[in-house]
Every structure is written in structure tokens, then in C-alpha cells.
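Working notes, beginning with the structure itself.
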Amino acid sequence: MHPTFPLYRGRLASLLVLLLTAWAGPAWAQDDLLGQLETQATPTAATEVVAATFKSTRLINGHTVETPGQGTMVFLISHRFGTLNSGAYNFFGLDQASIRLGLEYALTDKLEIGIGRSSLEKTLDGFVKYRALRQSTGRRAMPVSVTLFASSALNTLRDDRSWYTTSHRMNYSYQALIARKFNPSLSVQLMPTLIHRNLVEDRTQSNDVYAVGIGGRHKLTKRTSLNAEYYYLVPRTAPTGVRNALALGFDIETGGHIFQLHVTNSQGMIEKFFVANTRGNFFKGDLYFGFNVNRNFTIRPKEGFRK
Amino acid sequence: MRSLIRSVSLPICGLLLSLAGGVTTGLAQGKYMTQKGVVSFFSSSILEDIEAHTEQAAGLIDLQTQQLAFSIPIKSFQFKRTLMQEHFNENYMDSDRFPKSSFRGKILDFDPATLASGQSQRVTVEGDLTIHGVTKHLTVTGALQQQSGQLMVNAYFSVAPADYGIEIPLLVRENIAKIVGIKVVMSCEAVSQLTAK
Numbered sequence: 001m002h003p004t005f006p007l008y009r010g011r012l013a014s015l016l017v018l019l020l021t022a023w024a025g026p027a028w029a030q031d032d033l034l035g036q037l038e039t040q041a042t043p044t045a046a047t048e049v050v051a052a053t054f055k056s057t058r059l060i061n062g063h064t065v066e067t068p069g070q071g072t073m074v075f076l077i078s079h080r081f082g083t084l085n086s087g088a089y090n091f092f093g094l095d096q097a098s099i100r101l102g103l104e105y106a107l108t109d110k111l112e113i114g115i116g117r118s119s120l121e122k123t124l125d126g127f128v129k130y131r132a133l134r135q136s137t138g139r140r141a142m143p144v145s146v147t148l149f150a151s152s153a154l155n156t157l158r159d160d161r162s163w164y165t166t167s168h169r170m171n172y173s174y175q176a177l178i179a180r181k182f183n184p185s186l187s188v189q190l191m192p193t194l195i196h197r198n199l200v201e202d203r204t205q206s207n208d209v210y211a212v213g214i215g216g217r218h219k220l221t222k223r224t225s226l227n228a229e230y231y232y233l234v235p236r237t238a239p240t241g242v243r244n245a246l247a248l249g250f251d252i253e254t255g256g257h258i259f260q261l262h263v264t265n266s267q268g269m270i271e272k273f274f275v276a277n278t279r280g281n282f283f284k285g286d287l288y289f290g291f292n293v294n295r296n297f298t299i300r301p302k303e304g305f306r307k
Numbered sequence: 308m309r310s311l312i313r314s315v316s317l318p319i320c321g322l323l324l325s326l327a328g329g330v331t332t333g334l335a336q337g338k339y340m341t342q343k344g345v346v347s348f349f350s351s352s353i354l355e356d357i358e359a360h361t362e363q364a365a366g367l368i369d370l371q372t373q374q375l376a377f378s379i380p381i382k383s384f385q386f387k388r389t390l391m392q393e394h395f396n397e398n399y400m401d402s403d404r405f406p407k408s409s410f411r412g413k414i415l416d417f418d419p420a421t422l423a424s425g426q427s428q429r430v431t432v433e434g435d436l437t438i439h440g441v442t443k444h445l446t447v448t449g450a451l452q453q454q455s456g457q458l459m460v461n462a463y464f465s466v467a468p469a470d471y472g473i474e475i476p477l478l479v480r481e482n483i484a485k486i487v488g489i490k491v492v493m494s495c496e497a498v499s500q501l502t503a504k
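Quick note, the sequences are listed as chains A and B, same order. This note's numbering puts the first sequence at residues 1 to 307. This note's numbering puts the second sequence at residues 308 to 504.
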């Protein structure tokens, strides 16, 4: 037991322990049925998935590792007002608004699909999200959750240029979302990101834009949390004039709703906008106040509850 | 040599027989156990009916001492909606801090004769119920019945979430009942005294 002890003392100690357990075992078993049950019933450290790393499928602008449970549909209304520094004439941004309406559905507990329509550039988007790994404890412990994300976005603005085809209107986004729930209140996520733009302004601009995002949430109470999200653009591929996206938010959860309130220097609510086209300077007041409203609907109840 | 074998084997046979005898009396009077007990609960309110169940409840009953114990892993409860299940664990039961609910008690009016006859027997059980880290003393009625070597345990009782420090926010107060009904259905296998230790 204690390697520093002389051998005979170690032996004596183990003999004592042996005697004690042999003597106390049956007596304890008879005295405490619950204790006996717990020792017998506990399956040898079964693998247990760490649930609820984040409350919503969105951190602020971007996605989290979360997908809704199988058969759940999420209706997501996202909204950004104009910049706070646009003056009293524009009522500090409240006169203008940019919106995205989205529908998401979980085909399985691991696979989610979604569509959305943003008012910005009249953009249609569709995405697929797959939970590749889930953070878990026990026999098959896993330190992080990994979710893979891919989306495409189509700009549907009217355009008279003859050469401008559907292909020119397309943008693609790919992310590996890596998150860890450190404790019930703190979760941190890393988001390596690639945005591919089929059409760029000129030859100096890269079609592929690489970025690394970092974000997290800290729960204030059981039903509220503070969120932060930052996307760092890899300088070599960063589009000219585009800034790193920063967002700070506050989540409120009620029964079937999650309300997310935030300020961000990006106007768009999909990856091609907030990663590859954020123009605002966060610290000079180019702040868009906005919110997301998540509403969950159970389309297909869980097994054992289907009629 | 042969006589030696005989002289050794006879006592061994006797020992085995007496052990077997011990096991059979153990079946009638001893311990019964399950790890697949079914526990469900129901909350019924004007706005919403909520139901959840688990098939991973463990139970141990000692008919000799009339003591019993249950242990239920909270995260094993299954709900109709996944979000509800998440909220149950995260916001109401604090399942990370209190992973199990348990009950330990004593049967007050056990009658071995009725049980042996194979009839269902109503029993009163008094004991301590621990939910969400809070322990309350309560008396519950249930039924015991012996069927093809198994001990069937049934119980239905009610608890108030407020008694166990489970906070329900104002916003959903109308969705969750003040009193939640709990149903326990277990079929316990006999455990011989030998393996129980």
C-alpha cells in the first residue's frame, strides 16, 4: 500500500485490511441493504454521454456542437438591427433590420438538416450537421464533442449581367466544431472554418477563406448564460477590408424557447457573411444589436412514446 | 485408500446437501433482487401532461428482515421530448450532482403465509426516500406477490417536487403539477445467500 514503508509493515497493513473487510463485509451487508444494492447494481462505470454542452444549436452567430434530439424540429428566428452608432436619425439602428428565418430538423440523434432564408442579399442556405464524437465519461471516455458542419448559400438578388450564373451565386462553408463542457456552467468551443466563395471581386482575393473560431458559454443561473464568440481570419486568405467577427451574448431559456440577445460587429447570420464578410469595427461602435429565438417542436416523439 | 476417499467424500456430500438446503430456504425467505425495475412518473396539469419512465431501477428486498431498498439512476429516465429530458436533468434534478434517487425502508405488515400461497398481498412500507439530495420519511402502500419463483413488487405513491428542493420557475409553474405520481413495478429474482455476500 505504501511503497515507502518497510515490507513487513506493508504486509501487516494489507493483512489488517483483509481481516477488516472479511469481518465487516457480511455485517455491513445485512445492516445496509441500500449500500449492498449500490455496490451490486452499479454497472462497472458505464459510458455516459455529457449532455447539454450548449443550450441552443447556435452559440451566437455560428453553430454549436449541439443538434436537437431525433424527431425534433427547431424554428429559428434571427434578427439583427442596424449599427448602434448610426445615430438618432436611424434610432440607433432600430430603423433597419436584417432577418433570417430558419427551420431545422433532426433526422437522428446525430444528423441534423436545416434551411434558411436571410434578407441580406436575399440568400437561401441549407446545411447538414453531423455529430461525429460526443464527450463522454466512464468506460469509453471522450474528452470532447466533435460535430461536422457543411452548408451552401445561394444569393438570389436580381442581376442583369449575362455571365452571372447560379454557380457564381454559390458559397460553401465547412466547419469542425470541437467543444468541451468543463463543468455544468462552463463550455468552450473551437471552430476551424473554411469558406469557399465561387466568385470573388478580383484576382487578389482568395476563393478559400480560412478562419479559426473560439467561443464559449458561462451559465449565470440554471436558465441564463453569457456567451462569447470570436472568429480569427487567417491573414493570408482574409478578404480585404474584412474584420474578425466578435459577438457577445446572453441566453435565456424558458420551457420550449431559447432567447438569445447579443451585440456583434457582423450583420449576416450565416457563415459566409459573419466569417468572410464582417465589416464592422466592434470597438468603434459598429455594433449590431440582435436576437435569436429558438422554438422546439417534437414532430416525432421518442421511442416508447409513439402512438 | 478407498476408505480414505469414502471417509472424506461422505462429509463433503453432507456439506453440499446442507448448503443446497440453505439455498432452497433462501428462496422462500431470503433476498430478491432486480436491476431492471420499471419506475415511471406522471405530472398532470391543465397545460401539459408529462410522463417519463426508466427500466434501470435496482431493487433489493430481504424477506427475512423485511427490509428493502431501491436505487434509480436519474439520467436513465426517458421522456417523450428530448428537450424535456435535458431540462429534467440540467434544470430540475441536477443529475450531475445527484445522479441517483433511492429508497430504503421496512415492510411493516409482512405475512409469509399469504406470500407462500401465491396470492397478492397488500403491504405498508415505511422508509426514507431521497430525491435531489433531500431525504424525507414516508409511508407507502404496495403489493407483493410470488409468481414462478419471482417476487413481484408494485407500488404507487405521490411526492411534491417542492418537498425535495426542486425549484420550478414561475414561467412554467402551470405546466408542472404540484404533486407527481410515481409508479414502481419490479419483478425480483431470488438471490441465494451465497451470492448475496
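C-beta atoms are modelled at their ideal positions from N, C-alpha and C, and glycine is treated no differently. Quick caveat: nothing in here was measured; it's all calculated off a predicted structure.
Looking at residue j and residue i, is the spacing between their C-beta atoms short of 9 angstroms?
i	j	result
Arg-343 (chain A)	Phe-54 (chain A)	The requested residue 343 (chain A) is not part of the displayed model; chain A covers only 1 to 307.
Gly-116 (chain A)	Ile-270 (chain A)	yes
Thr-237 (chain A)	Asp-208 (chain A)	yes
Asn-461 (chain B)	Val-487 (chain B)	no
Leu-84 (chain A)	Gly-93 (chain A)	yes
Asp-356 (chain B)	Phe-348 (chain B)	no
Arg-197 (chain A)	Arg-243 (chain A)	no
Thr-166 (chain A)	Leu-154 (chain A)	yes
Glu-38 (chain A)	Ser-378 (chain B)	yes
Gly-412 (chain B)	Gln-374 (chain B)	yes
Phe-405 (chain B)	Ala-359 (chain B)	no
Ile-368 (chain B)	Cys-495 (chain B)	yes
Gln-267 (chain A)	Phe-291 (chain A)	no
Phe-283 (chain A)	Val-263 (chain A)	no
Ala-365 (chain B)	Val-345 (chain B)	no
Glu-48 (chain A)	Thr-137 (chain A)	yes
Val-65 (chain A)	Thr-147 (chain A)	yes
Pro-239 (chain A)	Gln-189 (chain A)	no
Asn-227 (chain A)	Ala-247 (chain A)	yes
Are there any heavy atoms of the ligand FMN lying less than 8 angstroms away from the beta-carbon of residue i, as far as the coordinates show?
i	result
Gly-215 (chain A)	The model on display carries no ligand, and the ligand FMN is accordingly not part of it.
Please check the pair residue i and residue j, which I expect to be a contact at CB under 8 angstroms, by giving their CB distance rounded to whole angstroms.
i	j	result
Gly-215 (chain A)	Leu-59 (chain A)	5 angstroms
Gly-241 (chain A)	Gln-385 (chain B)	Going by Cβ atoms, the distance from Gly-241 (chain A) to Gln-385 (chain B) rounds to 52 angstroms, so no, they are not a contact pair.
Ser-78 (chain A)	Ile-258 (chain A)	Contact flag wrong, Cβ pair sits at about 12 angstroms.
Leu-133 (chain A)	Ser-145 (chain A)	6 angstroms
Ala-497 (chain B)	Gly-456 (chain B)	6 angstroms
Lys-272 (chain A)	Asn-398 (chain B)	That belief does not hold up - the Cβ atoms of Lys-272 (chain A) and Asn-398 (chain B) are roughly 35 angstroms apart, past 8 angstroms.
Ser-187 (chain A)	Arg-217 (chain A)	5 angstroms
Using a 10 Å radius around the Cβ and a threshold of 16 neighbouring Cβ atoms, would you call residue i buried or exposed?
i	result
Gly-333 (chain B)	Per-residue confidence for Gly-333 (chain B) stands at a pLDDT of 41, beneath the threshold of 50, marking its modelled position as unreliable; no derived number is given.
Pro-419 (chain B)	exposed
Ala-46 (chain A)	exposed
Ser-402 (chain B)	buried
Gln-453 (chain B)	buried
Ile-353 (chain B)	exposed
Ser-424 (chain B)	exposed
Ala-434 (chain B)	It is Gly, not Ala, that sits at residue 434 (chain B) in the sequence shown. By the 10 Å Cβ count, Gly-434 (chain B) comes out buried.
His-444 (chain B)	exposed
Asn-183 (chain A)	exposed
Ala-467 (chain B)	exposed
Ile-489 (chain B)	buried
Asp-416 (chain B)	exposed
Pro-318 (chain B)	For Pro-318 (chain B), the predicted model reports a pLDDT of 47, less than 50, meaning its position is unreliable; a value from the coordinates is still stated below. Exposed, since its Cβ has fewer than 16 Cβ neighbours within 10 Å.
Lys-122 (chain A)	exposed
Gly-213 (chain A)	buried
Ser-162 (chain A)	exposed
Who are the neighbours of residue i on chain B, taking C-beta pairs under 8 angstroms?
i	result
Arg-223 (chain A)	Asn-398, Pro-476
Glu-48 (chain A)	Lys-382
So which residues on chain A does residue i lean against when the C-beta distance must stay under 8 angstroms?
i	result
Leu-375 (chain B)	Leu-33
Arg-479 (chain B)	Contrary to the premise, residue 479 (chain B) reads as Val rather than Arg in this sequence. Here the neighbours are Thr-254, Gly-255.
Can you pull the chain B residues whose beta carbon is under 7 angstroms from the beta carbon of residue i, in chain order?
i	result
Ala-52 (chain A)	Glu-393, Glu-397
Leu-37 (chain A)	Ala-365, Leu-367, Ala-376, Ser-378
Asn-296 (chain A)	Leu-390
Phe-364 (chain A)	Here chain A covers residues 1 to 307 and nothing more, so residue 364 (chain A) does not appear.
In chain A, which residues lie with their C-beta within 7 angstroms of the C-beta of residue i?
i	result
Ser-409 (chain B)	Leu-34
Asp-403 (chain B)	Pro-184
Chain B partners of residue i, CB-CB under 9 angstroms?
i	result
Thr-137 (chain A)	Per Cβ cutoff of 9 angstroms: no residues; Thr-137 (chain A) is ~10 angstroms from chain B at best.
Gly-69 (chain A)	Arg-388, Thr-389, Leu-390, Gln-392, Glu-393
Lys-302 (chain A)	Gln-385, Phe-386, Lys-387, Arg-388, Thr-389, Gln-392
List, in chain order, every chain A residue whose beta-carbon is nearer than 9 angstroms to that of residue i.
i	result
Asn-482 (chain B)	Gly-255
Fully enclosed by the region 378-403 of chain B, which alpha helix (DSSP H) runs are 4 residues long or longer?
DSSP assignment within the region 378-403 of chain B yields the following whole alpha helix (DSSP H) runs of 4 residues or more, N-terminal first: 389-394.
What runs of the beta strand (DSSP E), each 3 residues or longer, lie entirely inside the region 62-88 of chain A?
Runs of the beta strand (DSSP E) inside the region 62-88 of chain A: 72-83.
Restricting to runs no shorter than 3 residues, where is the beta strand (DSSP E) found entirely within the region 237-279 of chain A? The qualifying runs are 245-253, 257-264.
In chain order, each alpha helix (DSSP H) run of at least 4 residues that lies wholly inside the region 74-153 of chain A: Runs found: none.
task: With a floor of 3 residues, list each beta strand (DSSP E) that falls wholly inside the region 172-240 of chain A, ordered by position along the chain.
output: Given a length threshold of 3 residues, each whole run of the beta strand (DSSP E) inside the region 172-240 of chain A is given here in chain order: 186-197, 208-221, 224-233.
So within the region 407-466 of chain B, which uninterrupted alpha helix (DSSP H) runs reach at least 4 residues, ignoring any that extend past its ends?
If only complete runs of 4 or more residues are kept, the region 407-466 of chain B shows the alpha helix (DSSP H) at 419-423, in order along the chain.
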